[in-house]
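Scroll down for the structure; my scribbles are underneath it.
Right, here's the structure in full:
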């Protein structure tokens, strides 16, 4: 009898371990670029951070498992180390979300793997923009290229295993038109490509009409690696515009749409369905750009089927409430704006 009980206990522990899942996130948001030093103009990312973190918390992402690199903390080296940390700490079956709210930039391809002969890159806080071809070799190493990004992503996928989930959100711009938004509209990116004096514009390749993510060819992908999904705010050749929320505050268009979509989905759903909802929202809020869905896990259930359906009511955050003010776990994305009427009911 004791042996049978022991076996059942061990089996129960094994099942619990097999079903254990940790949700982790990395949020990189750079708004306070130092234009005098880097020639990158400041953008509005504060609300991006609030919306993304709120959306993830509602999906049971714990604060201790969310890394935030903001402004001066988001250097090229720090971003790489944070992604390495995710790969090291993540285990089979975990869920990882990586979000970028930054400028984006195109650079001369250093690996001959791009149709348009241009790499897409994230612009870290310490990256310097210089369009002089003679200075290319000096400043290009400061950017977080798609090739390096792919290597880090592959390592994370290997750690997650076949039952894990990886979602990447890129609220950045990689267009090389050199244009800017009219009036007060803010565009993320939009500087002309950085190329060397050996780059032949006449032999420039075909424009990439899709997204910006490239899978790694340097890091071996395990046979049981996790699938991945990348949501980009705009195609590689498009501008990525900021929009405004219900309180007229500036916010990244993809960040807004993702947060809004996550608050309205009905139960377990696929990444493709999530993307369709994001498309509909962005069609209204930022019609000049077309978001992109990439990856081999687009028809997989969101977060491995562990999507938390949002309740039709909100709860009070007791630790942050007092006799003078009450804070609840909802905001503008949930439809609460200045002037909204809220009723209180006993639990």
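Residue numbers (the working numbering): 98 to 444. Every residue gets a Cβ at the ideal spot worked out from N, C-alpha and C, and that includes glycine.
query	result
Integer Cβ distance of residue 220 from residue 201, believed to fall under 8 Å	6 Å
Alpha-carbon spacing of residue 146 relative to residue 292, whole angstroms	32 Å
In DSSP terms, what residue 333 is bridged to	For residue 333, which the question treats as bridged, DSSP gives no partner whatsoever.
Buried or exposed by the 16-neighbour rule on C-beta atoms within 10 Å, applied to residue 231	exposed
Residue of 193, 379, 214 minimising C-alpha distance to residue 327	193
Boundaries of the beta strand (DSSP E) in which residue 146 is found, first to last residue	Where residue 146 is concerned, there is no enclosing beta strand (DSSP E), although the alpha helix (DSSP H) it sits in stretches over 143-154.
Buried versus exposed call for residue 410 [16 or more other C-beta atoms within 10 Å across all chains shown]	Residue placement at residue 410 cannot be trusted, given a pLDDT of 47 that sits under 50; what the coordinates show is reported in the next sentence. Answer is exposed; the Cβ neighbour count stays below 16.
Nonlocal neighbours in the same chain, by C-beta distance under 8 Å from residue 235, ignoring five residues either side	227
Reference residue 257; option with closest CA among 396, 423, 364, 119	119
Residue of 368, 359, 381, 398 minimising C-alpha distance to residue 151	359
Residue 290 and residue 205 closer than 9 Å at C-beta	yes
Counterpart residues of residue 196 in DSSP-defined beta bridges	124, 266
Cβ pair residue 166, residue 348 closer than 9 Å	no
Closest by C-alpha distance to residue 317, when choosing among 346, 141, 155, 250	250
Residue nearest to residue 188 in terms of C-alpha spacing, selected from 385, 296, 340, 252	252
Presumed contact (8 Å Cβ cut-off) between residue 243 and residue 217, rounded CB distance	5 Å
From 334, 296, 350, 254, residue whose alpha carbon lies closest to that of residue 319	254
Residue burial classification, residue 484 (beta-carbon count within 10 angstroms, cutoff 16)	Only positions 98 to 444 of the chain appear in the structure, and residue 484 is not among them; the question remains open.
Whether residue 168 touches residue 237 by CB criterion (9 Å)	no
Residue 172 versus residue 224 - alpha carbon distance	8 Å
Between the CA atoms of residue 123 and residue 394 - distance to the nearest angstrom	20 Å
Nearest neighbour of residue 370, chosen from 385, 397, 346 [CA to CA]	397
Nearest-angstrom Cα separation, counted from residue 191 out to residue 132	39 Å
Residue 361 classed as buried or exposed, judged by whether at least 16 other C-beta atoms fall within 10 angstroms	exposed
Cut-off 6 Å between Cβ atoms - residues of its own chain near residue 199, not counting five sequence neighbours on either side	127, 219, 220, 269
Extent of the continuous alpha helix (DSSP H) run through residue 378	368-382
Start and end residues, beta strand (DSSP E) containing residue 445	Look at the range of the chain in this structure, 98 to 444, and you will see that residue 445 is not part of it.
Other residues of its chain near residue 142: CB distance less than 6 Å, five sequence neighbours each side excluded	126, 128, 198
Anticipated Cβ contact below 8 Å, residue 284 with residue 351, distance rounded	Not really, about 13 Å apart at Cβ, beyond 8 Å.
Chain-order list of residues whose beta-carbon lies under 8 Å from that of residue 340 (same chain, five-residue window excluded)	347, 348, 349, 350, 353, 382, 383
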